[in-house]
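S.K.: Protein sequence lines correspond, in order, to chains B and A.
Just so we're aligned: 98 in numbering that gives the first Met the number 0 is position 99 of the first sequence, and the numbers increase by one with no gaps anywhere.
Just so we're aligned: 83 in numbering that gives the first Met the number 0 is position 84 of the second sequence, and the numbers increase by one with no gaps anywhere.
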Amino acid sequence: MATIRVNGRQRDVTSAPDTPLLYVLMNELELKGPRFGCGLAQCGSCSVLIDGVETRSCVTPLRSVGSKSITTLEGLPASNPVAQAMLAEQAVQCGYCFNGMIIKATELLSKNKKPTEPQIRTAMNGHLCRCGNYPRIIRAIQRAAGTTA
Amino acid sequence: MTSRRDFLKAGGALLVGFQLNAQRLPVAGPPNANQIDTWLAIHADNTATFYVGFAELGQGNSTALLQIAAEELDFELDQLRTVNLDTHLTPNQGGTYSSASIARGGPQVRTAAAEARQALLKMASDRLNAPVEQLTVAKGVVTGNGRSLSYGALIGDKQFNVAFTGKAPVKAPADYKIVGKRPARKDTPAKVNATYEYLQHARIPGMLHARIVRPRGQRAYGAGAKIVSINDASIKNIPGARVLRKGDFLGVVAATEWDAIKAAQQLQVTWDTTPSLPAFDKLFTQMRAEKVEDRLVLERGSIATADATHSVMRTVRGPYQMHGPFAPNAALADVKADSALIITSSQDVYTTRRHLSRILGLAQDKIRVQYAEGAGTFGHSCYDDCAQAAALLSQLAGAPVRLQFMRHDEHGWDLYGPAHIGECKVTADAQGKLTSYEYHGWQHNWSNVETTEQLTGVPAAEWPGGAASQVSPLNLGSMYVIPNLKLVNHKINVQGYPRAAWLRSPLDLSFSFASEQAIDQLAFQLGIDPYEFRKRNMTDPRWLGVLDAVVQAAKWSPKPKPGVTGPNGKGRGIGLGTHLQSWGAAVADVEVDRKTGKVRVTHMYGALDAGMVVNPGIVEAQITGQLVQTVSRLLLEEVKFNQQGVTTLDWNTYPVLRFEDCPEVTPVVVQRMNERSSGAGEETMAAGSAAIANAFFDATGVRMEDYPLTPARVLAALNKK
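1) For histidine 489 of chain A, does the three-state DSSP call read helix, strand or coil?
2) DSSP on glutamine 267 of chain A, reduced to helix/strand/coil?
3) In or out: serine 97 of chain A buried (at least 16 other Cβ within 10 Å) or exposed?
4) Measuring only the C-alpha atoms, how far is lysine 67 of chain B from glycine 74 of chain B?
5) Classify valine 26 of chain A: buried if its beta carbon has 16 or more other beta carbons within 10 angstroms, exposed otherwise.
6) Just curious, the beta strand (DSSP E) that isoleucine 49 of chain B is in, first and last residue?
7) Please report whether the beta-carbon of methionine 85 of chain B lies at a distance below 7 Å from any beta-carbon of chain A.
8) Could you check what DSSP says for serine 109 of chain B in three-state terms: helix, strand or coil?
9) Report yes or no: do the segment 689 to 706 of chain A and the segment 563 to 582 of chain A share at least 3 C-beta pairs separated by less than 8 Å?
10) Tell me the residue span of the beta strand (DSSP E) that contains serine 97 of chain A.
11) When you compare the CB of lysine 235 of chain A with every CB in chain B, is at least one pair closer than 7 Å?
12) Consult DSSP for methionine 123 of chain B and reduce its assignment to one of helix, strand or coil.
13) Assign asparagine 160 of chain A to one of two classes, buried (16 or more other C-beta atoms within 10 Å of its C-beta) or exposed (fewer than that).
14) To the nearest angstrom, report how far apart lysine 720 of chain A and glycine 568 of chain A are at their CA atoms.
15) Name the DSSP beta bridge partners of glycine 250 of chain A, please?
16) Out of A/Ala517, A/Asp247, A/Ala685 and A/Val549, point me to the one whose CA is closest to leucine 392 of chain A's CA.
17) Check whether chain A comes within 7 Å of alanine 144 of chain B, counting only Cβ atoms and requiring the distance to be less than that.
18) Can you tell me whether cysteine 385 of chain A is helix, strand or coil according to DSSP?
19) When you compare the CB of alanine 326 of chain A with every CB in chain B, is at least one pair closer than 7 Å?
20) Grab the span of the beta strand (DSSP E) containing phenylalanine 722 of chain A for me, first residue to last.
21) In whole angstroms, what separates the C-alpha of alanine 254 of chain A from that of glycine 373 of chain A?
22) How big is the Cα-Cα spacing for valine 252 of chain A and aspartate 408 of chain A?
23) Answer yes if the segment 36 to 53 of chain A comes into contact with the segment 99 to 112 of chain A, meaning at least three C-beta pairs across the two stretches below 8 Å, and no otherwise.
24) With respect to the beta strand (DSSP E) encompassing aspartate 11 of chain B, which residues constitute its N-terminal and C-terminal limits?
25) Is there a Cβ of chain B sitting closer than 7 Å to that of lysine 639 of chain A, yes or no?
26) How many Å lie between alanine 123 of chain A and alanine 167 of chain A at the Cα?
27) Lysine 190 of chain A versus chain B: which residues are under 7 Å apart at the beta carbon?
28) My output table needs one value for valine 334 of chain A: the three-state DSSP class, helix, strand or coil.
29) Is it right to say lysine 31 of chain B is buried, meaning 16 or more other beta carbons lie within 10 angstroms of its own, or is it exposed?
30) Report yes if the CB atom of alanine 339 of chain A is closer than 7 Å to the CB atom of isoleucine 366 of chain A, and no otherwise.
31) With 7 Å set as the bound, which would you pick, yes or no: does the beta-carbon of methionine 0 of chain B sit closer than that to a beta-carbon of chain A?
32) Please classify methionine 703 of chain A as buried or exposed, where buried requires at least 16 other C-beta atoms within 10 Å of its C-beta.
33) Establish whether the CB of cysteine 661 of chain A and some CB of chain B are separated by less than 7 Å.
34) Can you tell me which of the three DSSP states threonine 730 of chain A falls into?
35) Mind checking the segment 36 to 49 of chain B against chain A and listing, in chain order, the residues whose C-beta falls within less than 9 Å of any C-beta there?
36) Would you tell me roughly how many angstroms separate the C-alpha atoms of serine 581 of chain A and threonine 683 of chain A, rounded to the nearest one?
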């Protein structure tokens, strides 16, 4: 039994300590934000914020989390500007990568309120989108940052 | 309203939050498509559920098809919803492939909605005591004789009991208020706020977690995976983990997902490693030397006697490429002695059910297959293999299971888009008129028996048909006026090669890489601008329309001397292409680093004529995605293998395009409201492939014979010059 802090609440979980955080969030806590894409920290579909830092939950063992604060897509405010901008730009196709896209962009904008386009591309480069929506995602992040040309 | 519990009692969907707001009992489907009640249910609150037989794969068809239904019914779009495909609930409209949702499904949805409206107006006429011709409808409210009645009040949650004849008149496009407009997609709000129910979220009470156990990376199709020995004791430290086997089909189940993953990793299995695949560096030599089944696809005139004042011959080779759905496939199965429920991301639930029937030994009407969206699949990825494996594991375990393929399962056991060799010879007279065209294509067929079934002992078999798996005229000469033409397909048997199926715009990227480079080279030899050269040899207004549209968007300007290489390694190219239908044109801007061999596509322009486009915003997103994926496939993507198996098993060994290398994209929809809708899901990719190849030539003066254009391949080609 461990207690972790998820989206502002203390949650008791029973998964074994070596269980990657992803499976705890997805199966025990039934969250739909973080999701399985590769299990190898290569794609970004499982991303969560841990103490504000984008982290691949598929390779993060439960035991390493301790009392740190975990924020998933569900934990972002419903009106969060990144998600709203993704809708405004109609950037979503299958949407499976958008958990990671929104989490990563939220982290970026928390550190850099007005990123340039090259800064957005660099920050987001570890997140893959098989549908090919990168151009619209870039525009959406610019919109969220208020830097749309 | 059917409560979730009632629905579950009826053997219904187990997706959390899945609601069916209609008095509809599941039948061992497909439901009768000749009844209006099969297509829609109008609810008392004056909303409606429209039952659509196409899968939302991320392409937006669930919104566009409802636009068509709303238009004919005189509902607002937000008054309509749909449900996931389900063999016991939704009509069988065939598979969601070949860009068919709007092209094939749209007319059915339109006429069903029109017929329902006609029935509703008859009811309203009686109740309002006014002739049908004097009734008007807005937002599902009928007005006549000074009074109004909503559809919901007329029939809410009751059956129409009206035959679907397909004869009701439909609206004229000039009267459209919803079709042709750009409403936002209905599925996307839930996709950005973590409430969307992907298949990967579906759970069955009491289920076990399952993983398949196979060698990492497939062997040749037909060679299977042969178990030499298994050490069951190697997972005995994992409580409750069980090994399940039928023939050479092997899997594990455990109570938790992590235990299932560990058990699959840890289980010691000795596999037969006899080499079965071609040597990777001899692949094309072997393909070219195979005994083939030749088929004359099309012949007219005589290529032998054509004026060959100018002549170009190109040979190209295209690699195996994978679907690589961003989420590996998953499936849930609850197989009992006399019934089965399977939840899958199949593109075609009825075909999936037919195959499951064979494997499970259950009649088709005992099997219910439900669709839930996973990540974009882009063709026949491992969904059937995964559904079959889940079903078999549930049957073997005697319990419901959730099977999630790992990334190496999906990458390693995909049905790849097959490798292709194309030989294209094109001639023109002294005035620059095309005189002849000859194309020979070599590729193996698709594979028909899924790996799961094959491992249980069913022999591998070829796909029985399929125009999209062979040389097709559509991308090979048909856009031009050419008096003499010959197209030949050289089919190789799939056995002995990696297994294969349709991958978005099947073979087309290779076809156009060959054909449109040959056309471009002729223009270069003649000293004619490549846009001008194409235009001179075309008369079809649809092809000319997309060509002019893309040239206009890209501000194409003829160079004083076409094809002259810029010293800065920048180039621009143009290309035409399509898939089974529609008309596509593209322009690409590229930069080639001559020192490193790195090719960067900086801008893609793509124009698509798909007839009447129901939602241009959605189609613009489709064009953008197609062109970005085309850049990825032209520059990076290549399945690799050695004779023991496929070796590209993750995103590092099979890289795809990332943010930093993504081009700007300008999509252009050529809207034709009075033409039949055709496909929009894959029809600019061939044009994009050609445009990139021709831009590379413009930048370097070198014609590439192989793709992807990796730095090593580019440097070798530049140095050979």
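Built from N, CA and C at the ideal position, the CB exists for glycine as well.
Remember, predicted model here, so these are calculated numbers, not experimental data.
M.R.: Let me spell this out:
1) Working through the second sequence from its first residue, we reach residue 489 of chain A at position 490. Strand, per DSSP.
2) As a position in the second sequence, residue 267 of chain A is number 268, starting the count at 1. Strand.
3) Counting from one through the second sequence, the residue named residue 97 of chain A turns up at place 98. Buried, since its Cβ has 16 or more Cβ neighbours within 10 Å.
4) The residue you call residue 67 of chain B lines up with position 68 of the first sequence. The residue you call residue 74 of chain B lines up with position 75 of the first sequence. Computed Cα separation, rounded: 15 Å.
5) Against the second sequence, residue 26 of chain A aligns to sequence position 27. Exposed.
6) As a first step, residue 49 of chain B is located in the first sequence; it is residue number 50 there, counting from the start. From DSSP, the beta strand (DSSP E) with isoleucine 49 of chain B extends over 46 to 49.
7) As a working note, residue 85 of chain B is residue 86 in the first sequence. Closer than 7 Å: yes.
8) Numbered from 1 along the first sequence, position 110 holds the residue referred to as residue 109 of chain B. Residue state, collapsed to three classes: helix.
9) yes
10) For the purposes of this step, residue 97 of chain A is taken as residue 98 along the second sequence, with counting starting at 1. Here serine 97 of chain A belongs to no beta strand (DSSP E), and DSSP marks it neither H nor E.
11) In the second sequence, counting from the first residue as 1, residue 235 of chain A sits at position 236. So no, lysine 235 of chain A is outside the interface.
12) Your numbering for residue 123 of chain B matches position 124 in the first sequence. Here methionine 123 of chain B sits in helix by DSSP.
13) Here residue 160 of chain A refers to the residue found at position 161 of the second sequence. Burial call: exposed.
14) The residue you call residue 720 of chain A lines up with position 721 of the second sequence. The residue you call residue 568 of chain A lines up with position 569 of the second sequence. Roughly 15 Å separates the two Cα atoms.
15) Taking the second sequence and counting its residues from 1, the one referred to as residue 250 of chain A is at position 251. Note: glycine 250 of chain A sits in a beta bridge opposite A/Ile211 and A/Leu243.
16) Residue numbering aside, residue 392 of chain A sits at position 393 when the second sequence is read from its first letter. Considering only alpha carbons, the answer is A/Asp247.
17) To locate residue 144 of chain B, count along the first sequence from 1; it is residue 145. Chain A contact via Cβ: absent.
18) The count along the second sequence starts at 1 and reaches residue 385 of chain A at position 386. Helix, per DSSP.
19) One-based indexing of the second sequence puts residue 326 of chain A at position 327. Taking Cβ atoms only, chain B reaches closer than 7 Å to alanine 326 of chain A, which makes this a yes.
20) This structure cannot settle anything about residue 722 of chain A, because the visible part of chain A is limited to 0 through 720.
21) For the purposes of this step, residue 254 of chain A is taken as the residue at position 255 of the second sequence. For the purposes of this step, residue 373 of chain A is taken as the residue at position 374 of the second sequence. Straight-line Cα distance between these residues: approximately 23 Å.
22) Counted from its first residue, the second sequence places residue 252 of chain A at position 253. Counted from its first residue, the second sequence places residue 408 of chain A at position 409. Roughly 16 Å separates the two Cα atoms.
23) yes
24) Reading the first sequence from its first residue, position 12 is the one you call residue 11 of chain B. Segment 8 to 12, the beta strand (DSSP E) holding aspartate 11 of chain B.
25) Position 640 of the second sequence, counted from the start, is the residue given in the question as residue 639 of chain A. No - not a single Cβ of chain B is within 7 Å of the one on lysine 639 of chain A.
26) Sequence index remark: in the second sequence, residue 123 of chain A carries index 124 (1-based). Sequence index remark: in the second sequence, residue 167 of chain A carries index 168 (1-based). Near 17 Å, if we compare the C-alpha coordinates of alanine 167 of chain A and alanine 123 of chain A.
27) Here the question's residue 190 of chain A lines up with position 191 in the second sequence. Result: Val91, Gly94 and Phe97.
28) Against the second sequence, residue 334 of chain A aligns to sequence position 335. Residue state, collapsed to three classes: strand.
29) What you label residue 31 of chain B is simply residue 32 of the first sequence in a count that begins at 1. It is buried - the Cβ of lysine 31 of chain B has at least 16 other Cβ atoms within 10 Å.
30) By one-based count along the second sequence, residue 339 of chain A stands at place 340. By one-based count along the second sequence, residue 366 of chain A stands at place 367. Yes, they are a contact pair.
31) For the purposes of this step, residue 0 of chain B is taken as residue 1 along the first sequence, with counting starting at 1. It does not: the Cβ of methionine 0 of chain B has no partner Cβ on chain A nearer than 7 Å.
32) Here residue 703 of chain A is taken as the residue at index 704 of the second sequence, counted from 1. Buried, by the Cβ-count rule.
33) Taking the first residue of the second sequence as position 1, residue 661 of chain A is located at position 662. Yes, cysteine 661 of chain A lies at the interface with chain B (some Cβ there is under 7 Å from its Cβ).
34) Nothing can be reported for residue 730 of chain A, as the shown portion of chain A is limited to 0 through 720.
35) Gly36, Cys37, Gly38, Leu39, Gln41, Cys42 and Ser44
36) As a working note, residue 581 of chain A is residue 582 in the second sequence. As a working note, residue 683 of chain A is residue 684 in the second sequence. Computed Cα separation, rounded: 9 Å.
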